[in-house]
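Scroll down for the structure; my scribbles are underneath it.
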Amino acid sequence: MSPLTTLRDDLARWREKYEATPERDALFTTLSGEPIKPLYTEEDLPEPDQIGLPGEYPFTRGVYPSMYRGRLWTMRQFAGFGTAEETNERFRYLLDHGQTGLSTAFDMPSLMGHDSDSPRSLGEVGREGVAVDTVDDMETLFQGIDLGEVTVSMTINAPAAIMMAYYVVAAEKQGVPPERLGGTIQADILKEYIAQKEWCFPIDPAMRLLDDMIEWCTHNMPRWHPVSISGYHIREAGSTAAQELAFTLKNGLTYVERAIARGLDVDSFAPRLSFFFNAQIDFFEEIAKYRAARRIWARELRETYGAKNPKSWLMRFHTQTAGVSLTAQQPLNNIARTAIEALAGVLGGTQSLHTNSYDEALALPTEEAVRVALRTQQIIAHETGVTNTIDPLGGSYFVEALTDRMEELAYDYFRRIDEMGGMVEAVKQNFPQREIADAAWELQNEIDSGRRKIVGVNSYTEGGDDETPILRIDPALERKQVGRVQAVRARRDSAEVERTLTELKTAAENGSNLMPPLIDCARAHATEGEIVHALQQVWGSYSEVPVF
Amino acid sequence: MPATANRTIRIVVAKPGLDGHDRGAKIIARALRDAGMEVIYTGLHQTPEQIVETVLQEDADAVGLSILSGAHMTLVPRVVELLREQDAGDVLVTVGGTIPADDIPELKRLGVAEVFTPGTPTQAIVDFVRERCGDG
């Protein structure tokens with residue numbers, strides 16, 4: 015009898031016994047609604063070459079040959095509030111506590127291109143991140159931190175090129191040239207229109223601004239990641255895991271196509287593209303998502319876009335645990351959720367990780383809550399033993415089958431998006447926006463009906479709601495920041511500001527690369543709002559037709 | 029004006045300020061619509077002035093403000109104040125989002141009818157609006 019026949023006989027015997035026991039009344043689907051079989055066996059495994067080895071094509075098992083045996087992931091906690099002074103203090107605190115990279119959260123006015131003293135900014139300055147209005151704020155933000163040594167991540171998108179210009183000038187004042195700067199700016203503008211919804215310009219000029227920045231960084235900042243292609247916000251907005259995977263990779267492939275269309279060699283920029291994914295609570299689904307993402311990216315870059323440099327094939331990513339999985343009820347339970355999500359990121363082979371704090375469904379985290387979140391990563395890294403071997407789940411019948419399934423679902427979406435004429439067109443037609451809203455609605459119905467249990471929310475609701483200490487942002491910080499930006503306006507050379515803004519508008523009209531004039535605006539201490547306004551005079555602004 | 033028994037409840041769902049988190053607002057809008065109400069969703073990034081103008085133009089019975097940015101203590105009082113100035117103080121105002129428990133009494137004192145924090149079932153919101161605006 016062949017081994018396969020034996021397996022089938024064994025399975026038939028198992029199935030008979032299995033079916034003799036009634037199943038619990040439960041969903042048995044992933045968080046994304048994907049049905050899961052009671053048992054996976056070697057019949058579910060893909061061809062061995064689809065699994066491969068770590069550091070080898072198609073990279074299912076990890077992008078590096080040594081993974082965490084060589085170097086742990088970067089523990090990178092996202093931080094920012096108040097003015098640049100307060101955030102600079104928090105950065106130093108995190109570096110003192112063993113964090114190995116910095117990650118900057120900007121406030122809403124900064125994300126939307128409004129100055130702190132704009133009427134639109136009232137009540138929002140420094141609330142959800144740090145307020146940065148001018149290059150002076152950027153200098154304060156990194157005071158006493160050597161930008162040639164630390165890597166910095168900046169989570170900003172629509173005005174990313176402006177912040178990039180501020181950062182380059184701030185580093186220049188520290189004596190650090192652009193070619194020595196290491197880090198990442200998010201700049202993933204497509205996902206803004208899809209999910210995060212912080213925009214400044216219509217889609218087409220916004221894409222051109224990003225293309226300009228990628229091109230400029232490719233020539234001038236070889237250590238910098240000019241875009242972090244982000245699924246995080248897509249997932250937070252309510253997508254399924256497969257939608258997060260598909261829309262994120264398709265956004266990334268769109269940036270690749272456009273850079274190639276500008277005449278850049280794919281191998282000159284593709285190694286600097288990086289990714290950012292969510293880690294939701296459905297443990298195996300998340301791990302499968304990361305593994306599928308690596309395989310799809312490697313295949314597309316090599317086969318479709320002709321990348322020859324193996325570094326171009328690597329899908330390297332940052333992970334953040336799911337903010338949306340945190341509950342305001344019984345907040346200490348969130349420590350357990352975050353630990354499980356973080357472990358999924360690690361077993362999925364992440365390059366860096368942010369763990370959320372347990373109090374974040376209530377407000378920005380307190381210092382104590384941030385420390386517990388960072389300690390969670392350190393416990394995974396140093397106590398659990400999961401870093402002793404590379405990709406410990408590789409070859410698992412279930413994980414490999416789920417990885418295949420994720421890949422299949424992603425390619426289904428790729429086909430539908432291609433039929434619409436590509437991602438930019440699909441976004442203009444609200445396609446990903448509608449898919450995400452529908453998925454969010456389905457999940458909410460499962461939760462509201464009690465079919466999907468959320469501990470502390472629709473089940474096990476007794477107790478644990480004692481007052482959790484929360485961080486209060488002092489309203490005086492808004493006045494302080496308004497004072498800072500107005501002081502810069504008073505002391506700078508306003509003729510120089512006018513001159514650089516005029517040159518910026520000329521470049522916006524004539525199509526030349528916008529990074530050099532943006533850097534000139536930064537040096538002249540032009541504010542973010544002034545720069546955005548100048549560009550809007552040429553390009554107009556954006557508002558969406560919402561779908562729900 | 030409050031809805032009478034034979035008039036469909038009209039409700040504006042609004043996103044004040046610069047906050048881009050619209051998952052909750054869209055789910056609430058859909059739930060209210062499915063419950064038979066006339067829902068006007070403003071879309072994102074609305075000023076208090078724009079929201080109040082929409083409420084007046086649409087002759088709405090209620091307005092639900094969704095805020096996850098921490099700016100609620102600035103934006104909500106302004107909406108309530110503008111409604112009063114426009115003789116629309118009888119419009120039901122509710123707030124949803126990440127609102128710390130300590131801020132809720134002050135919001136209610138200002139005239140907010142209810143604050144719905146994360147984890148509130150959509151049916152609870154539908155029931156509340158229906159009870160306070162007539163049963164449509």
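From first to last, the protein sequence lines stand for chains R and G. Position in the first sequence (first residue = 1) + 14 = my numbering. Position in the second sequence (first residue = 1) + 28 = my numbering. Think of the CB as a built atom: it goes at the ideal place given N, C-alpha and C, for glycine as much as any other residue. Values in this document were obtained by computation on a predicted structure and should not be read as measured data.
Q) With 9 Å set as the bound, which would you pick, yes or no: does the beta-carbon of V502(R) sit closer than that to a beta-carbon of chain G? A) Walking along the first sequence from the start, residue 502(R) turns up at place 488. Interface criterion not met: the Cβ of V502(R) is under 9 Å from no Cβ in chain G.
**Q.** Assigned exposure category for G277(R) - 16 Cβ within 10 Å defines buried
**A.** Here residue 277(R) is taken as the residue at index 263 of the first sequence, counted from 1. G277(R) is exposed by the Cβ-count criterion.
Q) Out of curiosity, what's the CA-to-CA distance linking A31(G) and L103(G)? A) On the second sequence, position 3 is the one that residue 31(G) refers to. On the second sequence, position 75 is the one that residue 103(G) refers to. Only weak support is given to the placement of A31(G): the predicted model assigns it a pLDDT of 48, under 50, and the value that follows is read from those uncertain coordinates. Put simply, the backbone Cα of A31(G) is about 26 Å away from that of L103(G).
Q) Would K205(R) be called buried (16 or more neighbouring beta carbons within 10 Å of its own) or exposed? A) As a working mapping, residue 205(R) is identified with position 191 in the first sequence. Classification of K205(R): buried, given that the 10 Å Cβ count is 16 or more.
(Q) Count Cβ pairs between the region 152-164 of chain R and the region 179-197 of chain R that sit closer than 8 Å; are there 3 or more? (A) A contact exists between the region 152-164 of chain R and the region 179-197 of chain R.
Q | For N527(R), the three-state DSSP class (helix, strand or coil) | A | The residue labelled residue 527(R) in the question sits at position 513 within the first sequence. When secondary structure is reduced to three states using DSSP, N527(R) falls in the coil class, being assigned neither helix nor strand.
Q. Going along the chain, which residues of its own chain have a beta-carbon closer than 7 Å to the beta-carbon of L195(R), five neighbours each way excluded?
A. For the purposes of this step, residue 195(R) is identified with residue 181 of the first sequence, where counting begins at 1. Only residues of its own chain outside the window of five on either side were considered, and among them L161, A185, M235, R237, W238 have a CB closer than 7 Å to the CB of L195(R), listed in chain order.
Q. At which residues does the alpha helix (DSSP H) containing H539(R) begin and terminate?
A. Counting from one through the first sequence, the residue named residue 539(R) turns up at place 525. Premise fails: H539(R) is in no alpha helix (DSSP H) and is neither H nor E.
Q) Which residues in the same chain have their Cβ closer than 7 Å to the Cβ of D488(R), if we skip the five residues on either side of it in sequence? A) Position 474 of the first sequence, counting from 1, holds the residue named residue 488(R). Within the same chain, D488(R) has no close Cβ partners at all.
Q.
If I measure Cβ to Cβ from A116(G) and keep anything under 8 Å in the same chain, skipping five residues before and after, which residues do I get?
A. Taking the second sequence and counting its residues from 1, the one referred to as residue 116(G) is at position 88. Within its own chain, the residues whose Cβ lies closer than 8 Å to the Cβ of A116(G), once the five positions on either side in sequence are excluded, are V80, V83, L84, listed in chain order.
Q: Say whether chain G places a C-beta atom closer than 9 Å to the C-beta of W311(R).
A: Translated into the one-based positions of the first sequence, residue 311(R) becomes position 297. Chain G contact via Cβ: absent.
Q.
Going by DSSP in three states, Y69(G) sits in which element: helix, strand or coil?
A. Taking the first residue of the second sequence as position 1, residue 69(G) is located at position 41. Judged by DSSP in its simplified three-state form, Y69(G) adopts strand.
Q.
Let me check one thing: in DSSP terms, what residues is L93(G) bridge-paired to?
A. Reading the second sequence from its first residue, position 65 is the one you call residue 93(G). Under DSSP, L93(G) shares a beta bridge with A42(G), V123(G).
Q: Would you tell me roughly how many angstroms separate the C-alpha atoms of L53(R) and I55(G), rounded to the nearest one?
A: If you number the first sequence from 1, residue 53(R) lands on position 39. If you number the second sequence from 1, residue 55(G) lands on position 27. Straight-line Cα distance between these residues: approximately 35 Å.
Q) Of the residues M221(R), L518(R), S80(R), which one's Cα is nearest the Cα of L532(R)? A) Here the question's residue 532(R) lines up with position 518 in the first sequence. Looking at the Cα atoms, L518(R) is the closest of the given residues.
(Q) I'd like to know if D199(G) contacts chain R, where contact means its C-beta is closer than 9 Å to some C-beta of that chain. (A) Any answer about residue 199(G) is impossible in this case: the structure gives chain G only from 29 up to 164.
Q) How should W87(R) be labelled, buried or exposed, when 16 other C-beta atoms within 10 angstroms of its C-beta is the threshold for buried? A) Taking the first sequence and counting its residues from 1, one reaches residue 87(R) at position 73. Classification of W87(R): buried, given that the 10 Å Cβ count is 16 or more.
Q. Between the C-alpha atoms of F562(R) and I153(G), what's the straight-line distance to the nearest angstrom?
A. Counted from its first residue, the first sequence places residue 562(R) at position 548. Counted from its first residue, the second sequence places residue 153(G) at position 125. Across the structure, F562(R) and I153(G) are spaced so that their CA atoms are roughly 17 Å apart.
Q | Cβ separation of L135(G) and V123(G), assumed to be a contact under 8 Å, to the nearest whole Å | A | Position 107 of the second sequence, counted from the first residue, corresponds to residue 135(G). Position 95 of the second sequence, counted from the first residue, corresponds to residue 123(G). The C-beta distance from L135(G) to V123(G) rounds to 6 Å, short enough to fall under 8 Å.
(Q) Restricting to Cα atoms, I'd like to know which of H49(G), V40(G), K43(G) is closest to A454(R). (A) In the first sequence, the residue the question calls residue 454(R) occupies position 440. Closest option to A454(R), Cα to Cα, is H49(G).
Q) Are F291(R) and H332(R) closer than 9 Å when you measure CB to CB? A) Walking along the first sequence from the start, residue 291(R) turns up at place 277. Walking along the first sequence from the start, residue 332(R) turns up at place 318. Less than 9 Å divides the Cβ of F291(R) from the Cβ of H332(R).
Q: Indicate whether at least one CB of chain R lies closer than 9 Å to the CB of G117(G).
A: Start at 1 with the first residue of the second sequence, and residue 117(G) comes out as number 89. Any Cβ of chain R closer than 9 Å to the Cβ of G117(G) would place that residue at the interface, and such an atom is absent.
Q: Could you list the residues in the region 90-106 of chain G with a C-beta less than 8 Å from some C-beta on chain R, going in chain order?
A: Residues S97, G98, A99, M101, T102, L103.
Q) Just how far apart, CA to CA, sit G164(G) and I39(G)? A) If you number the second sequence from 1, residue 164(G) lands on position 136. If you number the second sequence from 1, residue 39(G) lands on position 11. Interpretation of G164(G) is limited by its pLDDT of 46, a score under 50 that renders its predicted location unreliable; the figure taken from the coordinates is listed afterwards. Taking the CA atoms as reference points, G164(G) sits about 12 Å from I39(G).
Q) Given that a residue counts as buried once 16 or more other Cβ atoms are within 10 Å of its Cβ, and exposed if not, what is I51(G)? A) Looking up residue 51(G) in the second sequence gives position 23. At residue 51(G) the sequence reads Arg, which differs from the Ile that was named. That one is buried.
Q: Step through the CB atoms of chain G and report whether any lies within less than 9 Å of the CB of K211(R).
A: To locate residue 211(R), count along the first sequence from 1; it is residue 197. Judged by the 9 Å Cβ criterion, K211(R) is in contact with chain G.
Q.
Helix, strand or coil, according to DSSP, for V166(R) in the structure here?
A. Position 152 of the first sequence holds residue 166(R). Three-state DSSP puts V166(R) in a strand.
Q.
Can you check whether the C-beta of L135(G) is within less than 9 Å of a C-beta belonging to chain R?
A. One-based indexing of the second sequence puts residue 135(G) at position 107. So no, L135(G) is outside the interface.
Q) Taking C-beta to C-beta, are F261(R) and P446(R) nearer than 9 Å? A) Position 247 of the first sequence, counted from the first residue, corresponds to residue 261(R). Position 432 of the first sequence, counted from the first residue, corresponds to residue 446(R). Yes, these two residues count as a Cβ contact at 9 Å.
Q. Does the distance from the C-beta atom of G435(R) to that of D405(R) stay below 9 Å?
A. Taking the first sequence and counting its residues from 1, the one referred to as residue 435(R) is at position 421. Taking the first sequence and counting its residues from 1, the one referred to as residue 405(R) is at position 391. The criterion of a C-beta distance shorter than 9 Å is not satisfied by G435(R) and D405(R).
Q | 4 or more residues per run - each alpha helix (DSSP H) lying fully within the region 482-533 of chain R | A | For the region 482-533 of chain R, whole alpha helix (DSSP H) runs of length 4 or above, ordered along the chain, are 490-505, 508-524.
Q: Output the boundary residues of the beta strand (DSSP E) element that contains F17(G).
A: The requested residue 17(G) is not part of the displayed model; chain G covers only 29 to 164.
Q.
Rounded to whole angstroms, what is the Cα-Cα separation between V469(R) and E382(R)?
A. The sequence position of residue 469(R) within the first sequence is 455, counting from 1. The sequence position of residue 382(R) within the first sequence is 368, counting from 1. About 24 Å.
Q) What's the call for H368(R), buried or exposed, on a 16-neighbour Cβ count within 10 Å? A) Here residue 368(R) refers to the residue found at position 354 when the first sequence is read from its first residue. Buried, because 16 or more other Cβ atoms sit within 10 Å of the Cβ of H368(R).
Q: Find out if the Cβ-Cβ distance for the pair A255(R), D296(R) is shorter than 9 Å.
A: As a position in the first sequence, residue 255(R) is number 241, starting the count at 1. As a position in the first sequence, residue 296(R) is number 282, starting the count at 1. Between A255(R) and D296(R), the C-beta spacing is below 9 Å.
**Q.** Neighbour flag for L46(G) against chain R, beta carbons, 9 Å
**A.** Numbered from its first residue, the second sequence carries residue 46(G) at position 18. True, the Cβ-Cβ gap to chain R drops below 9 Å.
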